[in-house]
Amino acid sequence: MTLFPSRTIALYTARLFIVRSLAFLGGLIVVLETLDVLGESGRILAVAGNSEADIWQYVALRVPQQIELLLPFSVLLGTLITLSTLNQNSEVTIFKASGISAHQILAPLILSALGLAVVNFAINERITTRATATLDVWQANGYAPVKTARGMVAEQWVRGGDDLFHANTVMGRGDATRLSGVVIYDRDGNRLTRIVSAASARPIPGGWELSQAR
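Here it is as structure tokens:
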């Protein structure tokens, strides 16, 4: 049994599936991103010097995350609508009458879904991870302008003994490491004894030097 007895039908069903899946994806992204921007635009524009361009920058950083979240649902909805459309137009009956089995009808959809999965994986690995890291640093800085450096990461937690250490951003390595937005949770067993916060920290021989500690 040939997997694709008709190249024309295979391309037709694959195109229906891909177009509908991407249409759902685009629609969901527009709706969710609009709601997201409505909630965050006030915080972004509250920072002196920020403008509409910063809102569009936020959108550009959020869209890859939305694709990662919504593409599986879009593929599911695209599959349901594609099969429903084929059945509604009696195209499934015509396909079967011409000798095409159900497996041969589904094969183009399955291969198209695998192709979308590969594209989604590539976007996640090459774009989403970097966009998320950049957005985390920006948000940790309160949407104020950030001079992004290679190796800068945000929202880092470290445990030392019973104590917990948190930094909004970490930049550099070794002796050149710089922390900002530092919070130290001093614990005795499971009991919190005090909280120390500092604007920044840098390593010194035998420990760390805190700036503006309180």
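Under this note's numbering, the first residue of the sequence shown is numbered 10, with each subsequent residue one higher. Where is the CB? At the ideal position from N, CA and C, for every residue including glycine.
Host alpha helix (DSSP H) of residue i (start-end)
i      : result
Gln75  : Glu61 to Gln97
Arg135 : Here Arg135 belongs to no alpha helix (DSSP H), and DSSP marks it neither H nor E.
Gly36  : Arg16 to Leu54
Val101 : Glu100 to Ala106
Presumed contact (8 Å Cβ cut-off) between residue i and residue j, rounded CB distance
i      : j      : result
Leu125 : Ser30  : 7 Å
Gly87  : Phe26  : 6 Å
Glu42  : Arg71  : 6 Å
Ala210 : Gln221 : The pair is not a contact, with the Cβ atoms about 10 Å apart (cut-off 8 Å).
Pro117 : Ala55  : Rounded, the Cβ-Cβ distance is 50 Å, inconsistent with contact.
Leu219 : Val191 : 7 Å
Alpha-carbon spacing of residue i relative to residue j, whole angstroms
i      : j      : result
Ile193 : Gly169 : 10 Å
Thr240 : Thr141 : Nothing can be reported for residue 240, as the shown portion of the chain is limited to 10 through 223.
Arg196 : Leu188 : 21 Å
Met161 : Asp63  : 20 Å
Val128 : Ser50  : 30 Å
Pair within 7 Å by beta-carbon distance, residue i and residue j
i      : j      : result
Pro73  : Thr137 : yes
Ala122 : Val84  : yes
Leu80  : Leu115 : no
Ile38  : Gln75  : yes
Pro212 : Thr178 : no
Residue range of the unbroken beta strand (DSSP E) whose run includes residue i
i      : result
Ile204 : Arg200 to Ile213
Thr178 : Asp172 to Met180
Ala192 : Looking at the sequence shown, residue 192 is not Ala but Val. Here the beta strand (DSSP E) through Val192 covers Arg187 to Asp197.
Gly58  : Note, Gly58: premise wrong, no beta strand (DSSP E); not H, not E.
Does the region 101–117 come close enough to the region 144–154 to have 3 or more Cβ pairs within less than 8 Å? no
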